[in-house]
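Everything on this sheet refers to the single structure shown next.
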Amino acid sequence: MRIFAPIRIAAWLVSALLLALSVPASRADDTLTIDTPSGPVAFTIELALTPEEQARGLMFRNSLAERHGMLFDFGAEREVNMWMKNTLIPLDMLFIRADGTIHHIAAQTEPLSLDVIGSGGDVKAVLEIAGGAAKTLGIAQGAKVHHAIFSGSQ
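Quick note on our numbering: the sequence shown kicks off at 160 and runs consecutively.
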């Protein structure tokens, strides 16, 4: 009977790992709005605040609901680099300054790519949304994002 103890332990560890991978690594149910020429567009967002949440991001997801995204808050403004490792769907990455202004948009990023996607300047946050959504919704560089993490965003 003792021979099966390592198998039980291994099975338990695999189960725990699968459970950990299935739980979203961020906080959900927040909202933000983005000003567009046709009016404000609202998104339901998950917040990625910790290094662990930011490292996992939207990895391993098969889809992203319309007008849903993940907001990465890096605290102070700085140069930011992102990638698409283990990300199965194309994304638009909106690089946002501390005042809520969109500094740069990396559109339709390539799934699973290890290429570095840079902010091209100092930013406070990155909003990841479904690939192509920025163009479809009229979101452009210079647009204003409203959320509590941005100064004067109300």
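Virtual Cβ for every residue (Gly too), placed ideally from N, Cα, C. No experiment lies behind these values; they were computed from the predicted model shown.
With DSSP as the reference, please indicate the residues paired to residue 237 in a beta bridge.
One-based indexing of the sequence shown puts residue 237 at position 78. 282, per the DSSP bridge assignment.
Using beta-carbon positions only, say whether residue 236 and residue 303 come within less than 7 Å of one another.
Counting from one through the sequence shown, the residue named residue 236 turns up at place 77. Counting from one through the sequence shown, the residue named residue 303 turns up at place 144. No; because the gap between Cβ atoms is not below 7 Å, this pair is not in contact.
Per the DSSP calculation, residue 265 is bridged to which residue(s)?
Taking the first residue of the sequence shown as position 1, residue 265 is located at position 106. Beta-bridge pairing links residue 265 to 252.
Closest Cα partner of residue 200 within the set 228, 219, 212
In the sequence shown, counting from the first residue as 1, residue 200 sits at position 41. Looking at the Cα atoms, 228 is the closest of the given residues.
Which residues does DSSP list as the beta-bridge partners of residue 304?
As a working note, residue 304 is residue 145 in the sequence shown. Residue 304 is bridged to 193.
Meets three-Cβ-pair contact criterion under 8 Å: the region 210–228 and the region 254–261:
no
What residues are listed by DSSP as bridge partners for residue 287?
Residue mapping note: residue 287 aligns to position 128 of the sequence shown, counting from 1. BP columns for residue 287 point to 229, 252.
Residue span of the beta strand (DSSP E) that contains residue 224, given as start and end
For this step, residue 224 is matched to residue 65 along the sequence shown. Looking at the DSSP string, residue 224 is not in any beta strand (DSSP E), and its letter there is neither H nor E.
Could you tell me which residues DSSP puts in a beta bridge with residue 200?
The residue labelled residue 200 in the question sits at position 41 within the sequence shown. According to DSSP, residue 200 bridges with 193.
Less than 7 Å between the beta carbons of residue 246 and residue 270, yes or no?
Numbered from its first residue, the sequence shown carries residue 246 at position 87. Numbered from its first residue, the sequence shown carries residue 270 at position 111. In contact: residue 246 and residue 270 (Cβ atoms closer than 7 Å).
DSSP state of residue 206, grouped into three classes?
For this step, residue 206 is matched to residue 47 along the sequence shown. Of the three classes helix, strand and coil, the one that applies to residue 206 here is strand, per DSSP.
Taking the alpha-carbon positions, what's the residue 286 to residue 197 distance?
In the sequence shown, residue 286 corresponds to position 127, counting from 1. In the sequence shown, residue 197 corresponds to position 38, counting from 1. Between residue 286 and residue 197, the C-alpha separation is close to 20 Å.
Buried versus exposed call for residue 207 [16 or more other C-beta atoms within 10 Å across all chains shown]
Residue mapping note: residue 207 aligns to position 48 of the sequence shown, counting from 1. So residue 207 ends up on the buried side.
Residue range of the unbroken alpha helix (DSSP H) whose run includes residue 295:
Taking the first residue of the sequence shown as position 1, residue 295 is located at position 136. That run of the alpha helix (DSSP H) goes 292–296.
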